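Going down the list, the protein sequences come from chains A and S. So the first sequence is numbered by this note's numbering: it starts at 6 and just counts up by one. So the second sequence is numbered by this note's numbering: it starts at 80 and just counts up by one. Every residue, glycine too, gets a C-beta built ideally from N, C-alpha and C. Computed from a predicted model, the values in this text were never measured in an experiment.
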Amino acid sequence: DTGVSQDPRHKITKRGQNVTFRCDPISEHNRLYWYRQTLGQGPEFLTYFQNEAQLEKSRLLSDRFSAERPKGSFSTLEIQRTEQGDSAMYLCASSLDRVNEAFFGQGTRLTVV
Amino acid sequence: SQQGEEDPQALSIQEGENATMNCSYKTSINNLQWYRQNSGRGLVHLILIRSNEREKHSGRLRVTLDTSKKSSSLLITASRAADTASYFCAPINQGGKLIFGQGTELSVKP
């Protein structure tokens, strides 16, 4: 068990570009979560999956954000037409089910210039 | 919202002292988790306490849960400089969604 893996760890992009992040959950974990965190704030919920089904997407997210988990294993988070306000740490977590521990990856730090 | 609200927002203590952080939430929960985060890093899972449990221990950590008051506390005993970090509680609703508050920033001075 290698833990939750996120790639890349750091991403610098120009405003207006699209970016895609990947999250590999712990093997056999059915739940997968995405969060966003800015400096000095707690993690903000973005979306979560049960296997390949997206259960909820935050109303705070604009249509520029989309997430997928096509085979119920890894997940991708795409941000289209990035804005400077998208600069943040993007965190992924996974859990076996809705009642057990959720473990986080090290995050992807996005900087939009 | 049922997010966890931590109190205090910041706590500064001397090495060897105990640190207590509190968390309140608003709706019924499935369980509650506590996490630690060092600056710029990911969240490290500390402990999970279920809604039918009142107290749980793990090493120098003690977590309590009072569902009637919708509150939880995290006690770190005999603190060390390495405990310096932000601490978050994350209540989990019946659907399994974790919602975080702003956290408690703990500073342990050697």
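One alpha carbon belongs to residue 89 of chain S, the other to residue 181 of chain S, and they sit about 10 Å apart.
For the segment 127-143 of chain S, residues whose beta-carbon sits nearer than 8 Å to a beta-carbon of chain A comprise 127, 129. DSSP places residue 170 of chain S inside the beta strand (DSSP E), whose first and last residues are 164-171. Taking the beta carbon of residue 104 of chain A as reference, the chain S residues within 8 Å of it are 109, 110, 129, 171, 175, listed in sequence order. With contacts defined as CB atoms closer than 8 Å, residue 50 of chain A and residue 105 of chain S fail to qualify as a contacting pair. Of the residues assessed, residue 160 of chain S falls on the exposed side of the cut-off, its CB having fewer than 16 other CB atoms within 10 angstroms.
DSSP places residue 102 of chain A in the coil class of the three-state scheme, outside both helix and strand. Annotation: residue 90 of chain S has no Cβ neighbours in chain A at a cutoff of 9 Å; minimum Cβ distance is about 15 Å. Residues of the segment 8-34 of chain A with a C-beta less than 7 Å from any C-beta of chain S: none at all. Between residue 107 of chain A and residue 17 of chain A, the alpha-carbon positions lie close to 28 Å from each other.
Within 7 Å of the CB of residue 46 of chain A, the CB atoms of chain S belong to 181, in sequence order along the chain.
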